[in-house]
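Numbered by the working numbering, the letters in the sequence shown go through residues 77 to 305 in order.
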Amino acid sequence: MNPKAVIAAYKNEVKEKTIKNKPLDNIEYNVILPSIKSVQDEINGYIENLLYIEVKSEILRRSDYRPFDENMVLWDLLNKPIVFNDASKYKIINKWPSYTIKETDIEPQELIKLGYKDWFFLDLLLGVDYLKTFSLLRELPEKDKYYLCRDVACTNAYLSSSYYAYNSGAKMIVYPDGTYPFITNSNLTETEQVLRDGKVKEFTHLKPDRIHYCLMKALISFNTFAFMP
77 MNPKAVIAAY KNEVKEKTIK NKPLDNIEYN VILPSIKSVQ DEINGYIENL
127 LYIEVKSEIL RRSDYRPFDE NMVLWDLLNK PIVFNDASKY KIINKWPSYT
177 IKETDIEPQE LIKLGYKDWF FLDLLLGVDY LKTFSLLREL PEKDKYYLCR
227 DVACTNAYLS SSYYAYNSGA KMIVYPDGTY PFITNSNLTE TEQVLRDGKV
277 KEFTHLKPDR IHYCLMKALI SFNTFAFMP
């Protein structure tokens, strides 16, 4: 037997008796009406917000939005307007152009000119903007904002790129345009191989749905010990 259920039933019975014995003019309506917004309602609201933000993030990843600034630092990312607000300005790319890249070093600026996205920069930017949507971050002192974003932004980007690769059926991190990390490198170091593999294998094992992923992302975003590689 569930003791809490018994107590709840008893309280409801007392309320009903109180209401029946009171004149109508003296009835307290908050006794009659249950709380309009339950704890579960609040949880559902938080989940809906996380899903909404993730939709904006995915739109920007799959659109013609191609941000890149090699001189931009974390302070700049923290102080710029949140790009999610402008997601509707960009067009979704349904058919990505085919590229042929030789195994050689190509400057990021040249890749952008060829139509590529700098995916690491993009995911990092979206990761910082994601953190900026939380009121908790906005309430922190500026230095604390900086250190939190410094510690979790890369992990956030790593998680996102791994999840979307898993969701597309890939075995390693693959971006929407078909490229992948260190595509210009012919001989990967051990660290580069780990970063290319991402956490796709782990996602394939766990098989999280979108809600699970969004909750995981929110938790990791405020856990400075959650360095994934």
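Where a beta carbon is used, it is the ideal one built from N, C-alpha and C, also for glycine.
Checklist entry - Which ranges would you report for the alpha helix (DSSP H) in the segment 222-302 if only whole runs of at least 4 residues count? => result At a cut-off of 4 residues, the continuous stretches assigned as alpha helix (DSSP H) that sit fully inside the segment 222-302 are 266-273, 276-282 and 286-297.
Checklist entry - Just reading off the alpha helix (DSSP H) that Trp172 is part of, what are its end residues? => result Counting along the chain, Trp172 falls outside any alpha helix (DSSP H), and DSSP gives it neither H nor E.
Checklist entry - Just curious, the alpha helix (DSSP H) that Ile158 is in, first and last residue? => result Segment: none, Ile158 is in no alpha helix (DSSP H) and carries neither H nor E.
Checklist entry - Since Ser139 sits in a beta bridge, which residues does DSSP pair it with? => result Ile168
Checklist entry - So does the segment 157-176 actually touch the segment 210-218, counting three or more Cβ pairs closer than 8 Å? => result They do not touch, by the three-pair rule.
Checklist entry - Taking C-alpha atoms, which residue in Asp253, Leu154, Glu278 and Thr260 lies nearest to Tyr234? => result Glu278
Checklist entry - By DSSP, does Pro99 sit in helix, in strand, or in coil? => result With a pLDDT of 46 at Pro99, under the threshold of 50, the modelled position of this residue cannot be trusted; read the value that follows with caution. Coil.
Item to check | Inter-residue CB distance, Val276 and Lys247 (contact presumed, cutoff 8 Å) | outcome: 6 Å
Checklist entry - Secondary structure at Phe196, three-state DSSP: helix, strand or coil? => result Of the three classes helix, strand and coil, the one that applies to Phe196 here is helix, per DSSP.
Checklist entry - I think Val115 touches Leu154, with their Cβ atoms under 8 Å apart; what is that distance to the nearest whole Å? => result With a Cβ gap of about 32 Å, Val115 and Leu154 do not count as contacting.
Item to check | Opening and closing residue of the alpha helix (DSSP H) in which Leu213 lies | outcome: Residue range Ser211 to Arg214 is occupied by the alpha helix (DSSP H) that includes Leu213.
Checklist entry - Rounded to a whole number of angstroms, what is the C-alpha to C-alpha distance between Asn120 and Gln185? => result 42 Å
Checklist entry - Nearest to Tyr289 by alpha carbon, out of Lys113, Leu126 and Gln269? => result Leu126
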